[in-house]
Ligand code: GLN
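Below, the structure is given as structure tokens:
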């Protein structure tokens with residue numbers, strides 16, 4: 001019999017509908033895999049009872065002859081940035097330890113309404129700040145992938161959605177939620193040989209998602225292939241009056257609209273993304289991606305996004321600025337941790353709680369953010385960064401005059417080993433060079449696996465689309481996926 005945990009979202013959905021296997025069998029298979037993979041540290045909280053209850057409901061509905069829900073029988077992982085009613089949510093920070101949200105985020109609620117079940121809450125970079133999952137207060141997530149040199153160094157699963165990426169790659173769940181502020185869905189997807197899409201800003205409600213940088217934060221799915229991402233995204237998206245930036249638009253039938261025929265599509269290759277020191281393997285994969293898209297019928301055009309080199313510095317001003325404001329609410333009064341030293345006054349409590357509760361990277365961001373928003377420096381930093389953001393958005397608008405989509409590598413390198421970059425924040429920030437510009441412009445963007453590097457580690461290709469053109473992004477992703485034929489998987493050692 002096939003191992004049900006080798007199946008993706010569509011195959012599970014279809015098999016449960018057809019009665020080939022039960023939703024309970026699927027849930028039990030993934031629950032067993034989660035329980036056997038503690039070494040990877042991908043889950044912060046396991047909720048087998050939630051997954052089993054959803055599975056039993058799916059099986060009962062089928063037995064009663066009811067019309068199946070879109071995700072009936074599909075158990076998923078939930079990034080710990082999403083509040084789920086009655087289940088602890090910490091954003092992987094000590095400061096939120098002990099916090100159990102009394103409410104459900106809109107996105108997770110949408111997924112449960114679609115019939116999905118929850119296997120647990122996934123580890124991540126603390127408050128989604130990081131690119132390697134090393135800023136979690138609850139330990140590193142270890143990627144299931146290893147370099148082929150036999151050194152067995154523990155590899156980073158990418159970040160901030162590193163629990164999500166590792167769990168999917170290790171077959172602990174067929175799909176998971178992620179969030180992407182500057183690349184946190186796409187970069188971990190690239191590092192672990194899976195797919196992930198960040199939709200247009202506003203497609204998925206931010207309500208109930210612990211805020212990092214509100215003008216950039218966007219939820220999206222991570223899964224093993226493009227179709228599974230489309231199915232998940234349909235369930236997650238939709239207008240929500242509780243999020244003032246939610247787009248009041250119908251959710252397209254992205255799965256039904258999938259087509260890998262790119263005839264008539266023009267794909268732009270932004271010349272500024274040929275950064276210095278880009279490994280030859282990434283360059284070669286990019287060229288391979290160009291050839292694959294040509295083969296799918298697309299026309300390739302060179303485009304220019306002249307302000308690209310300013311995107312990273314602008315992002316690392318805007319995101320910390322918004323974070324410093326969003327994180328002001330964690331002061332020991334209402335959520336999670338409270339440190340109240342003997343004889344302390346209110347001010348002491350705030351200081352003690354924040355000093356103890358936030359990790360180093362979070363403190364670094366709060367300090368940068370507070371500095372760039374301070375009276376004497378606001379114009380020099382925050383205003384300037386906001387202007388650059390507008391210019392970057394304009395670069396993309398101008399590019400759309402000559403192309404429909406853009407193709408770039410997802411990250412400038414394959415996964416690095418844990419500890420390799422953690423001492424150097426700038427080196428870590430540079431990893432976001434290809435993902436940050438589309439975040440600043442609010443555009444839909446996706447990573448799909450393209451191949452392996454010389455060390456046997458996955459490399460990702462990124463498709464960026466016009467606002468609201470998730471369909472175009474998914475379709476180009478599908479065209480790449482079909483040609484890449486990526487079937488490599490991490491050999492089980494855990
Ligand atoms: N790595 C980026 C950062 O550290 C992006 C994080 C994200 O998208 N949440 O800010």
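In this note's numbering, the protein residues as written are 1 to 494.
Backbone N, C-alpha and C define an ideal beta-carbon position, used for all residues, glycine too.
(1) Considering only the beta carbon of each residue, do residue 206 and residue 245 sit closer than 8 Å?
(2) Can you grab the Cα-Cα spacing for the pair residue 187 / residue 291, in whole Å?
(3) What residue from 276, 274, 50, 471 has the CA that sits closest to residue 260's CA?
(4) Look at the Cβ atom of residue 369, then the Cβ atom of residue 337, and state whether they are nearer than 8 Å.
(5) Kindly provide the ranges of any alpha helix (DSSP H) runs that are 4 or more residues long and lie completely inside the region 320-393, ordered along the chain.
(6) Do residue 495 and residue 82 have their C-beta atoms within less than 8 Å of each other?
(7) Can you tell me whether DSSP reads residue 472 as helix, strand or coil?
(8) Which residue or residues does DSSP assign as beta-bridge partners of residue 198?
(9) Can you tell me whether residue 263 is helix, strand or coil according to DSSP?
(10) Measuring alpha carbon to alpha carbon, tell me which residue in 443, 367, 286 is nearest residue 451.
(11) Can at least three beta-carbon pairs, one atom from the region 108-126 and one from the region 397-413, be found at a separation below 8 Å?
(12) Mind checking whether the beta-carbon of residue 212 lies closer than 7 Å to any heavy atom of the ligand GLN?
(13) I believe residue 388 touches residue 310 by the beta-carbon criterion, under 8 Å. Please report the beta-carbon distance rounded to the nearest angstrom.
(14) For a minimum of 3 consecutive residues, which ranges assigned as the beta strand (DSSP E) are wholly contained in the region 158-233?
(15) Closest Cβ-Cβ distance between residue 432 and chain D: below 8 Å?
(16) The ligand GLN and residue 130: does the residue's C-beta get closer than 7 Å to at least one heavy atom of that ligand?
(17) Mind checking whether the beta-carbon of residue 183 lies closer than 7 Å to any heavy atom of the ligand GLN?
(18) Give the single residue among 150, 10, 16, 162 whose Cα lies nearest to the Cα of residue 415.
(19) Check the DSSP bridge columns for residue 462 and list the partner residues they point to.
(20) Put residue 417 into one of helix, strand or coil per three-state DSSP.
(21) So residue 75 is in the beta strand (DSSP E); what residue range does that whole segment cover?
(22) Work out the CA separation of residue 203 and residue 390 for me, nearest whole Å.
(23) Could you check whether residue 235 and residue 119 sit closer than 8 Å to each other, using their CB atoms as the reference points?
(24) Note down the Cα distance separating residue 430 from residue 17, rounded to an integer number of angstroms.
(25) Just the Cα atoms here: how many angstroms apart are residue 139 and residue 417?
(26) Quick one: residues in its chain with C-beta nearer than 7 Å to the C-beta of residue 400, no 5 flanking neighbours on either side, listed in chain order?
(27) Looking at C-alpha atoms only, which residue of 271, 100, 105, 36 is the closest neighbour of residue 240?
(28) Could you say which of 484, 437, 440 lies nearest to residue 458 if we only look at CA atoms?
(29) Name the DSSP beta bridge partners of residue 82, please?
Looking at the atomic coordinates:
(1) By 1-based counting over the chain shown, the position of residue 206 is 206. By 1-based counting over the chain shown, the position of residue 245 is 245. Result yes, Cβ atoms of residue 206 and residue 245 sit closer than 8 Å.
(2) For the purposes of this step, residue 187 is identified with residue 187 of the chain shown, where counting begins at 1. For the purposes of this step, residue 291 is identified with residue 291 of the chain shown, where counting begins at 1. Cα-Cα distance, rounded: 22 Å.
(3) Counting from one through the chain shown, the residue named residue 260 turns up at place 260. Answer by Cα proximity: 471.
(4) Along the chain shown, read from residue 1 onward, the residue named residue 369 stands at position 369. Along the chain shown, read from residue 1 onward, the residue named residue 337 stands at position 337. Contact: no.
(5) 346-357, 360-372
(6) It is not possible to answer for residue 495, since the shown part of the chain is limited to 1 through 494.
(7) Translated into the one-based positions of the chain shown, residue 472 becomes position 472. Looking at residue 472 - three-state DSSP - the assignment turns out to be helix.
(8) Locating residue 198 in the chain shown gives position 198, where the first residue counts as 1. Its beta-bridge partners are 445.
(9) For the purposes of this step, residue 263 is identified with residue 263 of the chain shown, where counting begins at 1. Coil at residue 263, not helix or strand.
(10) Indexing the chain shown from 1 puts residue 451 at position 451. Closest by alpha carbon: 286.
(11) no
(12) Taking the chain shown and counting its residues from 1, the one referred to as residue 212 is at position 212. At least one heavy atom of the ligand GLN is nearer than 7 Å to the Cβ of residue 212, so yes.
(13) The sequence position of residue 388 within the chain shown is 388, counting from 1. The sequence position of residue 310 within the chain shown is 310, counting from 1. Yes, residue 388 and residue 310 are in contact; Cβ-Cβ is about 5 Å, under 8 Å.
(14) Listed in chain order, they are 175-180, 195-198, 218-223.
(15) Any reference to chain D falls outside this structure, which holds one protein chain only.
(16) For the purposes of this step, residue 130 is taken as residue 130 along the chain shown, with counting starting at 1. It does: the Cβ of residue 130 is within 7 Å (strictly closer) of some heavy atom of the ligand GLN.
(17) Here residue 183 corresponds to residue number 183 of the chain shown, with the count starting at 1. In this structure, the C-beta of residue 183 approaches the ligand GLN to less than 7 Å from one of its heavy atoms.
(18) By one-based count along the chain shown, residue 415 stands at place 415. Of the candidates 150, 10, 16, 162, the one whose C-alpha sits nearest the C-alpha of residue 415 is 162.
(19) If you number the chain shown from 1, residue 462 lands on position 462. Note: residue 462 sits in a beta bridge opposite 408, 447.
(20) Stepping through the chain shown from its first residue, residue 417 is reached at position 417. Correct three-state label for residue 417: strand.
(21) Here residue 75 corresponds to residue number 75 of the chain shown, with the count starting at 1. Run containing residue 75: 75-79, per the beta strand (DSSP E) assignment.
(22) Residue mapping note: residue 390 aligns to position 390 of the chain shown, counting from 1. Residue mapping note: residue 203 aligns to position 203 of the chain shown, counting from 1. Computed Cα separation, rounded: 21 Å.
(23) Along the chain shown, read from residue 1 onward, the residue named residue 119 stands at position 119. Along the chain shown, read from residue 1 onward, the residue named residue 235 stands at position 235. Not in contact: residue 119 and residue 235 (Cβ atoms no closer than 8 Å).
(24) As a position in the chain shown, residue 430 is number 430, starting the count at 1. As a position in the chain shown, residue 17 is number 17, starting the count at 1. C-alpha separation (whole angstroms): 45 Å.
(25) In the chain shown, counting from the first residue as 1, residue 139 sits at position 139. In the chain shown, counting from the first residue as 1, residue 417 sits at position 417. Straight across, the Cα-Cα distance linking residue 139 with residue 417 is about 15 Å.
(26) By one-based count along the chain shown, residue 400 stands at place 400. Cβ neighbours of residue 400 beyond the five flanking positions: 466.
(27) As a working note, residue 240 is residue 240 in the chain shown. Closest option to residue 240, Cα to Cα, is 105.
(28) Walking along the chain shown from the start, residue 458 turns up at place 458. For the residues 484, 437, 440, the minimum Cα distance to residue 458 belongs to 484.
(29) In the chain shown, counting from the first residue as 1, residue 82 sits at position 82. As computed with DSSP, residue 82 is found in a beta bridge with 209.
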